[in-house]
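The next block holds one structure in the form of structure tokens; read it before the comments.
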Amino acid sequence: MSETETTPTILLPDPARLMVSNSPHIRDRQSIKKIMFTVVASLLPACLAGIWFFGIAALEVLLLCTVSCVAIEEGWNKLTKRASTWQDGSAIITGILLGMNLNAGVPWWVCILGGVLAIILGKQLYGGLGYNPFNPALVARVGLLIGLPEIMTTWNTPQAGKMVVDAVTAATPLGMAPGTETLGNLFAGNVGGCLGETSAIALLIGGVALIAFKLIKWQVPLAYIGSVFVVTGIAHLISPETTHSPVFHVLSGGLLLGAFFMATDMVTSPMTIKGSWIFGLGCGIMTSAIRLWGSYPEGVSFSILFMNALTPLIDRISISKPFGYVAPVKGDAK
Amino acid sequence: MSDKPRKFKGGVHPNDSKALSATKPIQVAPLLDKYKVIMHQNIGAPPELLVKKGDLVKKGDLLAKAGGFVSVPLHAPTSGTVSAIDKCPGPTGIGVPAIEITADGEDAWGAALEPMADWPNRAPADLKQRVWDAGIVGMGGAGFPAHVKLSPPEGKKIDTLILNGAECEPYLTADHRLMLEQAEEVVLGAAILARILGLDTAVIGVEDNKPDAIARLKEVAGKYNVTVQGLPVNYPQGAEKQLIYAITGREVPVGKLPMDVHCVVQNVASAVAVAEAVIKGWPSIERITTVTGKPVVNPGNWRLRIGTPISKALELAGGITMQPSKLLLGGPMMGIAQKSLDVTVMKNTSGILLIASDEVSLYTSEPCIRCGRCVEVCPMSILPATISQAVENKRFDWAEELNVMACIECGSCSYVCPSHRPLNQHFKRGKIEIQAQLRKKK
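Protein chains in written order, with the working numbering: chain E, 6 to 339; chain L, 212 to 653.
What follows is the structure, encoded as structure tokens:
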């Protein structure tokens, strides 16, 4: 049979090895893991700034928080006989955000306690990633703030580039009299405060990267920061002596960290664009109100948690009309 | 019409992978020994069988007649003997009735339909009857009888005829090659369809990634007062509602048809089938199909008779270099996965696509992280994430309230979901359950 030998055999698919599933049959390459690790990368500039200004202590807090969040998540998974989930990166983000929301000089056990509050109370009790109504890192921060007010409102003095462990305490700029701190220091991050919230420039770099990668909706930070600027601006016009300028408000405290990295948390903020505007505005107005009239100098955490609680309602009222929507005719029921 | 097309909201941009076959001219498939013609190739009622085992048929003879108004006749793809009437694997995996024709090799036409070269003088009703007699369906994928779309009920005025040459599905190039190589027939088909509808113009919508086809169509379009509209490349640009919006700015209301906004949309391949049916008297017994995919040795575009087994089509393309993970009829976004090579080409088989294992992975569905990507890309502006949760929790009333019925199953949401949730599958299920409940109420 020389003829069959010279004819190249045509291979056909083996039907037994064909998969059958619903369309679509191709996917883009995005995954939860990729999203989470991009967020981690975007947090790095602010973390590095924190380490630069607050020394090795800041690095220790960040590492301890991250490790405890991951360990607690895995411990919980073991306890509840669930599959391991730390690889999705969400516990790492929670850990880094928690660390960024602490003073560099906090005792070690505060980091672990924060991890427990964030992962167990903030996330796992609701069913884990995707089901938590509140931002886990903020649940921990507010929990610590209420339980340990003294530790949580003491801040290290920045010692740029010295890498020393130094516990000289400073006030957060928001707690000082207006005009004491220069805007240049605020922009760079050379002020007292939580280790990850002080450097405006580093936070902006990370935030803009997240917007460029389309991982956060730009409407949230814009509405949030914009409304803080407007509300505190009006207050400043009315009484310039007793209030900070709007630029000062935008650059100080946890506003930039909150607006770019916490209020934009996908799980706990609205899904629609319209909802994102409402959410950002609500956060901004709440934050301004707490800062201007509340007993805390800082209002970002409370505001975001409050708006987290409203997210299901915002989602409900911001549903867009489908393409080709026809309003039901009244009296059509018959 | 000449102004810029409107952009619909949403959409995705998958890698189009069209380069594999876009430059391959249409080849005519050689005659096979056997064809297995699936009986029910159209949406609507199945046709009624007219032949029995042992009958001799000529090419183009009726095998089955329309089984109602929303039904089309079925014709013999070649001359020969009806050697079996039994079941063959259907595109949905269930065995379906099919007529096996053993070819006599003569490929001789029977009593064909009379050519109507003088079509501009024929009554629109006669031309429409010809479209029906030739068994023409929507060849873009839906398989909806073409004559039904050409029969708007009393009081529904049609003012725009659109030919769909968007071909927005990745990989598929059959319509592209058709528009390039048979531009005159496309335009002629448009003119005939326009005459049936009492119009004197038509628009052909083509995605801008086919500039050669657009240029070629423009060269010949003027003859019949047909315009060619380039469209932004954005999947699902070729979905009927999105196409109508792009060209006319009209939104087809949820649950309504194009004719409710005075439009009729026909696929370009259907238009060519209409031209051939009218001018040459050919019934719908063949079509251009793209046989492609990374595992295919020689991807290309072939003129295949209906009833051609997929295995034979793959042989024409030289077979495979590696075992694919999936075999699809249609494109990768909306095509149907097959598990048999014995399924045969139908009037709406636009593509036979093999997907390599590196393009499909076995995903585990993870929890929704509410990222909102699905909301952003949904061309119907519904909330895929929420609807999918409603269906998962069997809250079909809630899914209905969230307008699941508006879903066009384009798959854009599933395509972008970072949690790899089977969103499209949930919507299909939701729609089926809601329709079942409606039937129960009646």
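In this text, a Cβ means the ideal position worked out from N, Cα and C, and glycines have one as well. Computed from a prediction, not measured in an experiment: that's the story for all the values here.
Point to revise | CA nearest to the CA of E:T99, picked from E:L130, E:L48, E:K83, E:W113 | key: E:L48
Review point. Beta-carbon of L:H286 versus every beta-carbon of chain E: anything under 8 angstroms?
Key: Closer than 8 angstroms: no.
Review point. In terms of residue numbering, what span does the alpha helix (DSSP H) encompassing L:A328 cover?
Key: Neither: L:A328 is in no alpha helix (DSSP H) and is coded neither H nor E.
Point to revise | Minimum Cβ-Cβ distance from E:E8 to chain L less than 8 angstroms | key: In this prediction, E:E8 scores a pLDDT of 46, lower than 50, which makes its location untrustworthy; the coordinate-derived value is nonetheless stated afterwards. For E:E8, the answer is no, since every Cβ of chain L falls outside 8 angstroms of its Cβ.
Check your understanding: Can you tell me whether E:T9 is buried or exposed, with buried defined as 16 or more other CB within 10 angstroms of its CB?
Key -> With a pLDDT of only 48 at E:T9, under 50, the local geometry of the prediction cannot be trusted, and no value is derived from it.
Review point. Is it buried or exposed for L:S213, if we count other Cβ within 10 angstroms and need 16 for buried?
Key: Note on L:S213: pLDDT 47, under 50, position unreliable in the model; the coordinate value appears next. Exposed: under 16 other Cβ atoms inside 10 Å.
Review point. Around the C-beta of E:D93, are 16 or more other C-beta atoms found within 10 angstroms, so that it is buried, or is it exposed?
Key: buried
Review point. Which first and last residues belong to the alpha helix (DSSP H) in which E:W282 is found?
Key: 278-298
Exercise for review: Apply the 10 Å Cβ neighbour rule to L:H224 and answer buried if 16 or more other Cβ atoms are within range, or exposed otherwise.
Suggested key: Of the residues assessed, L:H224 falls on the exposed side of the cut-off, its CB having fewer than 16 other CB atoms within 10 angstroms.
**Study point:** Below-8 angstroms beta-carbon distance, E:S89 vs any chain L residue
**Key:** no
Practice item. Can you have a look at E:Q1 and say buried or exposed, based on whether 16 or more other CB atoms are within 10 angstroms of its CB? Key: The displayed coordinates of chain E run from 6 to 339. Any statement about residue 1 of chain E would go beyond what the structure contains.
Check your understanding: What are the uninterrupted segments assigned as beta strand (DSSP E) that are 3 or more residues long and contained completely in the stretch 521-576 of chain L, given in chain order?
Key -> 537-540, 547-549, 562-566
Point to revise | Cut-off 7 angstroms between Cβ atoms - residues of its own chain near E:F218, not counting five sequence neighbours on either side | key: T43
Review point. Based on Cα-Cα distance, which residue from L:G466, L:I490, L:K218, L:P510 lies nearest to E:V331?
Key: L:G466
Review point. Looking at L:L383 and L:G542, is the spacing between their C-beta atoms short of 8 angstroms?
Key: yes
Check your understanding: By the criterion of Cβ-Cβ separation under 9 angstroms, what are the contact partners of L:Q549 in chain E?
Key -> P20, L23, V25
**Study point:** DSSP-derived helix/strand/coil call for L:W320
**Key:** strand
Exercise for review: Kindly indicate which residue of E:T177, E:L153, E:L149 has the alpha-carbon position closest to the one of E:R160.
Suggested key: Rather than Arg, the amino acid found at residue 160 of chain E in this sequence is Trp. Nearest option by C-alpha distance: E:T177.
Check your understanding: Hey, would you say L:D315 sits closer than 8 angstroms to L:G346, going by beta carbons?
Key -> no
Practice item. Please say whether L:L267 and L:A275 have beta carbons closer to each other than 8 angstroms? Key: no
Review point. With C-beta atoms as the reference, is E:S36 less than 8 angstroms away from L:P578?
Key: No, Cβ-Cβ distance for E:S36 and L:P578 is not below 8 angstroms.
Review point. In terms of residue numbering, what span does the alpha helix (DSSP H) encompassing E:G212 cover?
Key: From DSSP, the alpha helix (DSSP H) with E:G212 extends over 205-217.
Practice item. Spatial neighbours of E:A338 within its chain, please: CB distance less than 7 angstroms, with the 5 preceding and 5 following residues excluded, ordered by chain position. Key: In this predicted model, E:A338 has a pLDDT of only 42, less than 50, meaning its place in the structure is not dependable enough to derive any value.
Point to revise | chain L within 8 angstroms of E:G133, Cβ atoms only | key: yes
**Study point:** Sufficient close CB pairs (3 or more, under 8 angstroms) joining the stretch 465-479 of chain L to the stretch 313-332 of chain L
**Key:** no
Point to revise | Run of the alpha helix (DSSP H) containing E:Q224, from where it starts to where it stops | key: 224-243
Review point. Looking at C-alpha atoms only, which residue of L:L649, L:K652, L:F607, L:S623 is the closest neighbour of L:G641?
Key: Among L:L649, L:K652, L:F607, L:S623, the Cα nearest to that of L:G641 is on L:F607.
Check your understanding: Which of helix, strand or coil does DSSP assign to L:H387?
Key -> helix
Review point. Under 8 angstroms Cβ-Cβ, which residues of chain L neighbour E:I319?
Key: None at all; the shortest Cβ gap to chain L is about 12 angstroms.
Exercise for review: With DSSP as the reference, label L:R640 as helix, strand or coil.
Suggested key: helix
Check your understanding: From L:E392 to L:E526, what does the alpha carbon distance come to, in whole angstroms?
Key -> Inter-residue distance for L:E392 and L:E526 is about 24 angstroms (C-alpha atoms, whole angstroms).
Exercise for review: May I ask you to report which of helix, strand or coil DSSP gives E:A338?
Suggested key: Summary for E:A338: the model assigns pLDDT 42, below 50, so the residue's position carries little reliability; its value from the coordinates is reported in the next sentence. Correct three-state label for E:A338: coil.
Practice item. Could you say which of L:T234, L:I521, L:H631, L:D344 lies nearest to L:L489 if we only look at CA atoms? Key: At residue 489 of chain L the sequence reads Val, which differs from the Leu that was named. Per the Cα distances, L:D344.
Practice item. Give a yes or no on whether the minimum CB-CB distance between E:R32 and chain L is below 8 angstroms. Key: yes
Practice item. State yes or no: is the beta carbon of E:G120 nearer than 8 angstroms to at least one beta carbon in chain L? Key: no
**Study point:** Every unbroken beta strand (DSSP E) within the stretch 479-519 of chain L, with a cutoff of 3 residues, ordered by chain
**Key:** 497-503, 511-516
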